[in-house]
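Trainee:
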Amino acid sequence: MASVAFTSSCPLGYSRIKSLAFSSRSCPNPVFSHPFLPKSTSHNSSFIKPLSLTPIITNNGIQKRHSKLTAKAAASTPAAVTPPSQQPWQGAALKPLIASIATGVILWFLPVPSGVSRNAWQLLSIFLATIVGIITQPLPLGAVALLGLGASVLTKTLTFSAAFSAFGDPIPWLIALAFFFARGFIKTGLGNRIAYQFVSLFGSSSLGLGYSLVFSEALLAPAIPSVSARAGGIFLPLVKSLCAACGSNVGDGTENRLGSWLMLTCFQTSVISSSMFLTAMAANPLSANLAFNTIKQQIGWMDWAKAAFVPGLVSLLVVPLILYVIYPPTVKTSPDAPKLAREKLEKMGPMSKNEIIMAGTLFLTVGLWIFGGVLNVDAVTAAILGLSVLLVTGVVTWKECLAESVAWDTLTWFAALIAMAGYLNKYGLISWFSQTVVKVVGGLGLSWQMSFGILVLLYFYSHYFFASGAAHIGAMFTAFLSVASALGTPSYLGALVLSFLSNLMGGITHYGIGSAPVFYGAGYVPLAKWWGYGFLISVVNIIIWLGVGGIWWKAIGLW
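Under this note's numbering, the letters of the sequence shown match residues 284 to 842, in that order.
#1: Assuming MET634 is part of the alpha helix (DSSP H), what are its boundary residues?
#2: Check this for me: beta carbons of ALA434 and ILE418, under 7 Å apart or not?
#3: Taking only runs that begin and end inside the region 555-614, name each unbroken alpha helix (DSSP H) of 4 or more residues, in chain order.
#4: If you drop the 5 nearest sequence neighbours on each side, which residues of the same chain put their C-beta closer than 8 Å to that of LEU673?
#5: Considering only DSSP beta bridges, list what THR616 is partnered with.
#6: Please work out which residues of its chain come closer than 7 Å, Cβ to Cβ, to GLY830, disregarding the five sequence neighbours upstream and downstream, and give them in chain order.
#7: Measure from the alpha carbon of LEU437 to the alpha carbon of each residue in VAL823, GLN405, SER495, TYR710, then state which is nearest.
#8: Classify HIS755 as helix, strand or coil using the three-state DSSP reduction.
#9: So what does DSSP say about LYS378, is it helix, strand or coil?
#10: Please confirm whether SER553 has its beta-carbon closer than 7 Å to some beta-carbon of chain C.
#11: Output needed for VAL415: all residues of its chain with C-beta closer than 7 Å, excluding positions within five of it in sequence on either side, in chain order.
#12: If we ignore side chains and look at the alpha-carbon of each, how far apart do PRO453 and GLY789 end up?
#13: Taking C-alpha atoms, which residue in VAL766, GLN581, GLY515, ALA666 lies nearest to SER798?
#14: For my contact list, SER553 and VAL593 are in at a C-beta cut-off of 8 Å; report their separation, rounded to the angstrom.
#15: Is HIS746 helix, strand or coil by DSSP?
#16: What first and last residue would you give for the alpha helix (DSSP H) that runs through THR761?
#17: If SER556 and ALA501 are in contact, beta carbons under 8 Å, what's the gap, nearest whole angstrom?
#18: Should ALA461 and LEU694 be called a contact, given that it needs their Cβ atoms to be closer than 7 Å?
#19: Check whether the region 517-528 and the region 747-754 are in contact - that is, three or more C-beta pairs closer than 8 Å.
#20: Taking contact to mean at least 3 C-beta pairs separated by less than 8 Å, is the region 757-777 in contact with the region 738-747?
#21: Using a Cβ-Cβ cutoff of less than 6 Å, which residues in the same chain neighbour ARG308 once the five nearest sequence positions on both sides are dropped?
#22: Mind the definition here: the region 393-400 touches the region 708-716 only if three or more C-beta pairs lie below 8 Å; say whether that holds.
#23: Starting from SER785, trace the alpha helix (DSSP H) in both directions and tell me its first and last residue.
#24: Please report the straight-line C-alpha distance between TYR807 and LEU596, rounded to a whole angstrom.
#25: ASN637 and THR471 - do their beta-carbons sit closer together than 7 Å?
#26: Can you tell me the Cβ-Cβ gap for ILE820 and GLN551, rounded? I've got them flagged as a contact below 8 Å.
#27: Here's a check: name, in chain order, each residue in its chain whose Cβ is nearer than 6 Å to the Cβ of GLY832, leaving out the five neighbours to either side.
#28: Hey, how far is the Cα of TRP391 from the Cα of PHE481?
#29: Can you tell which of VAL780, PHE818, PRO773 has its C-alpha closest to the C-alpha of GLY795?
#30: Looking only at its chain, what residues have a beta carbon closer than 8 Å to the beta carbon of LEU411, apart from the 5 residues adjacent to it on each side?
#31: Nearest by alpha-carbon distance to SER487: which of PHE575, PHE518, PRO621 is it?
#32: Do the region 680-700 and the region 419-429 meet, that is, are 3 or more Cβ pairs less than 8 Å apart?
#33: Looking at PRO421: is its Cβ nearer than 7 Å to the Cβ of ALA449?
#34: Can you give me the start and stop residues for the alpha helix (DSSP H) that LEU429 sits inside?
#35: Do you know how far the Cα of LEU707 is from the Cα of VAL601?
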């Protein structure tokens with residue numbers, strides 16, 4: 284009887300196989316059989332290929348000795364060595380890195396303008412190089428910002444304590460704490476519960492869902508004077524839960540189902556709601572105070588709200604619709620969504636213990652944000668207290684906080700930009716820029732309307748150089764209001780318009796206002812689109828606020 288003989292002492296992972304023989308009659312396609320090895324249906328199984336044994340067909344065992352020698356020789360033959368695959372480059376993307384460095388080097392060696400200190404010019408070159416790096420992303424944002432801080436310290440442009448001073452600023456920490464809150468919100472299921480409630484009420488269309496969030500945020504704006512707290516502590520967790528409930532997640536190609544449009548819409552409308560009330564953004568009272576010191580007229584809460592209500596309402600209605608057209612979600616209508624959401628709520632049953640703790644902590648934190656002024660508790664202190672409750676009760680663990688890499692990355696790059704932008708102001712670059720603008724615009728001999736329009740645009744788009752609304756207001760508000768008044772602009776109107784724009788300008792970048800890093804950090808919108816749509820919506824807002832707003836302000840007697 285013809286047979287196929289294999290002889291080898293090679294280990295196959297579980298045991299040594301001395302010899303296996305199969306009858307060619309009973310098994311035309313010989314296979315290995317072993318009680319602990321996976322069975323194969325073909326002699327070409329990838330499991331047995333490494334043996335490299337040559338079967339020798341024999342008649343009545345005449346060539347048994349020859350077959351054993353052949354098999355052993357084959358087994359002892361060294362296998363072809365496969366060269367190790369080359370590891371891909373793990374470092375920075377070289378072209379964006381070169382572009383970033385080249386920007387800084389070119390500006391560094393340009394002649395320093397008269398009236399600007401050498402330190403200020405060097406810091407500007409490092410700052411702009413960092414911004415180019417943040418846009419092109421040769422490395423993650425936090426790493427790029429850290430390189431910028433390192434360059435400023437290495438060149439003695441900033442001391443170490445100055446470069447890292449903004450890590451003691453409360454705003455970056457408030458943003459990081461918001462991500463930790465979001466973890467608990469989603470982990471406990473409370474986020475899904477609230478998301479399903481929203482979907483059951485407004486979820487038949489994506490647009491309806493978006494508007495429900497927009498006006499919910501606007502209603503809370505006058506009561507919570509921190510846009511970072513509103514965005515990060517309340518609406519980011521809710522929006523992320525809504526996106527997940529609708530099957531729109533980061534990293535799996537479903538971002539555009541709903542998440543991209545919803546994140547960008549909630550961000551852009553957060554700057555609008557911040558501009559509508561004196562107490563809707565922490566820096567608004569600073570604008571009112573500087574206005575009083577400059578023109579000796581007080582901007583009251585009702586005065587601010589009355590002037591901002593009509594253009595603000597128009598912007599809240601128009602901006603989501605424009606984004607819906609130019610950056611649409613792929614899922615626009617879902618007639619069955621409300622019914623499915625109600626079914627999900629029924630399956631979830633009553634609230635769990637952790638959900639109740641999370642809800643109670645949220646109410647405590649929001650309550651402190653609303654009444655913090657009376658109780659002398661600031662926003663970041665309230666957030667730390669809330670997180671402490673979550674940690675002590677085990678709703679969120681410290682390991683989970685450490686695993687929130689986006690939170691730590693955002694904290695790093697945002698603090699770095701705040702530090703560099705702050706020292707640009709301290710070194711006198713911003714005051715030099717303001718004075719230069721004032722001289723140029725004042726010498727054009729234009730009407731006050733045209734002069735004020737130019738001043739508004741320069742004030743607005745210079746925010747690319749700022750990572751804080753308060754820093755921008757402190758550096759440029761007084762100078763621009765003084766020039767506008769000197770050129771014939773009604774002083775009170777000029778003060779209000781600059782105050783409104785001090786919020787709206789935060790929408791042009793991912794670092795210009797406290798809510799920007801929160802929503803951008805969720806990862807649904809690429810940076811290029813964030814900046815591109817940010818610029819486009821800024822144009823829309825300027826047209827609405829100066830056009831519709833101008834008519835409204837004329838009607839109520841502001842000019």
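From the three backbone atoms N, C-alpha and C, an ideal C-beta is built for every residue, glycine too.
Predicted, not measured: the structure shown is a model, and the values here were computed from it.
Mentor: Answer, in terms of the structure:
#1: Position 351 of the sequence shown, counting from 1, holds the residue named residue 634. Segment: none, MET634 is in no alpha helix (DSSP H) and carries neither H nor E.
#2: What you label residue 434 is simply residue 151 of the sequence shown in a count that begins at 1. What you label residue 418 is simply residue 135 of the sequence shown in a count that begins at 1. Result no, Cβ atoms of ALA434 and ILE418 do not sit closer than 7 Å.
#3: List check, alpha helix (DSSP H) in window: 567-578, 584-609.
#4: Position 390 of the sequence shown, counting from 1, holds the residue named residue 673. Taken in chain order, the residues that qualify are PHE463, PHE464, GLY467, ILE640, MET641, THR644, VAL679.
#5: Translated into the one-based positions of the sequence shown, residue 616 becomes position 333. THR616 pairs with SER488.
#6: Start at 1 with the first residue of the sequence shown, and residue 830 comes out as number 547. Counting only Cβ-Cβ distances below 7 Å, and skipping sequence neighbours, we find nothing.
#7: Position 154 of the sequence shown, counting from 1, holds the residue named residue 437. If we check each option's Cα against that of LEU437, GLN405 comes out closest.
#8: Taking the first residue of the sequence shown as 1, we reach residue 755 at position 472. The three-state secondary structure of HIS755, taken from DSSP, is helix.
#9: Your numbering for residue 378 matches position 95 in the sequence shown. Of the three classes helix, strand and coil, the one that applies to LYS378 here is helix, per DSSP.
#10: Looking at the structure shown, chain C is missing, and only one protein chain is on hand.
#11: In the sequence shown, residue 415 corresponds to position 132, counting from 1. Around VAL415: ALA382, SER383, THR386.
#12: Working through the sequence shown from its first residue, we reach residue 453 at position 170. Working through the sequence shown from its first residue, we reach residue 789 at position 506. So the alpha carbons of these two residues sit roughly 18 Å apart.
#13: To locate residue 798, count along the sequence shown from 1; it is residue 515. Among VAL766, GLN581, GLY515, ALA666, the Cα nearest to that of SER798 is on GLY515.
#14: Counted from its first residue, the sequence shown places residue 553 at position 270. Counted from its first residue, the sequence shown places residue 593 at position 310. Between SER553 and VAL593, the beta carbon gap of about 19 Å keeps them out of contact (Cβ cut-off 8 Å).
#15: Start at 1 with the first residue of the sequence shown, and residue 746 comes out as number 463. Under the three-state reduction of DSSP output, HIS746 falls in the helix class.
#16: Here residue 761 corresponds to residue number 478 of the sequence shown, with the count starting at 1. Counting along the chain, the alpha helix (DSSP H) containing THR761 begins and ends at 761-769.
#17: As a first step, residue 556 must be located in the sequence shown, where it is residue number 273. As a first step, residue 501 must be located in the sequence shown, where it is residue number 218. Sure, about 4 Å apart at Cβ, within 8 Å.
#18: By 1-based counting over the sequence shown, the position of residue 461 is 178. By 1-based counting over the sequence shown, the position of residue 694 is 411. Cβ atoms of ALA461 and LEU694: not closer than 7 Å.
#19: Contact between the region 517-528 and the region 747-754 is absent, because fewer than three Cβ pairs lie under 8 Å.
#20: As far as the Cβ criterion goes, the region 757-777 touches the region 738-747, which means the pair count is three or higher.
#21: In the sequence shown, counting from the first residue as 1, residue 308 sits at position 25. Confidence in ARG308 is poor, its pLDDT being 42 and thus under 50, which makes the residue's placement too unreliable to answer from.
#22: Touching, per the Cβ criterion.
#23: Working through the sequence shown from its first residue, we reach residue 785 at position 502. Bounds of the alpha helix (DSSP H) holding SER785 are 774-787.
#24: Numbered from its first residue, the sequence shown carries residue 807 at position 524. Numbered from its first residue, the sequence shown carries residue 596 at position 313. Each residue's alpha carbon lies about 26 Å from the other.
#25: In the sequence shown, residue 471 corresponds to position 188, counting from 1. In the sequence shown, residue 637 corresponds to position 354, counting from 1. Between THR471 and ASN637, the CB-CB gap stays under 7 Å.
#26: Within the sequence shown, numbered from 1, the residue matching residue 820 stands at position 537. Within the sequence shown, numbered from 1, the residue matching residue 551 stands at position 268. Right, their Cβ atoms sit about 5 Å apart.
#27: For the purposes of this step, residue 832 is identified with residue 549 of the sequence shown, where counting begins at 1. Sequence-distant Cβ neighbours of GLY832 in its own chain, meaning closer than 6 Å and more than five residues away, are PRO594.
#28: Locating residue 391 in the sequence shown gives position 108, counting from the first residue. Locating residue 481 in the sequence shown gives position 198, counting from the first residue. In a straight line, the C-alpha of TRP391 is about 53 Å away from that of PHE481.
#29: Numbered from 1 along the sequence shown, position 512 holds the residue referred to as residue 795. Residue PHE818 holds the alpha-carbon nearest to the alpha-carbon of GLY795 among VAL780, PHE818, PRO773.
#30: Working through the sequence shown from its first residue, we reach residue 411 at position 128. Within the same chain, THR386, GLY387, LEU390 come within 8 Å of LEU411 by CB-CB distance, once the 5 residues on both sides are set aside.
#31: Translated into the one-based positions of the sequence shown, residue 487 becomes position 204. SER487 has its Cα closest to that of PRO621, out of PHE575, PHE518, PRO621.
#32: Three or more beta-carbon pairs drawn from the region 680-700 and the region 419-429 are found closer than 8 Å, and the two stretches are therefore classed as touching.
#33: Numbered from its first residue, the sequence shown carries residue 421 at position 138. Numbered from its first residue, the sequence shown carries residue 449 at position 166. No, they are not a contact pair.
#34: The residue you call residue 429 lines up with position 146 of the sequence shown. Residues 424-437.
#35: Along the sequence shown, read from residue 1 onward, the residue named residue 601 stands at position 318. Along the sequence shown, read from residue 1 onward, the residue named residue 707 stands at position 424. Spanning the two alpha carbons is a distance of roughly 36 Å.
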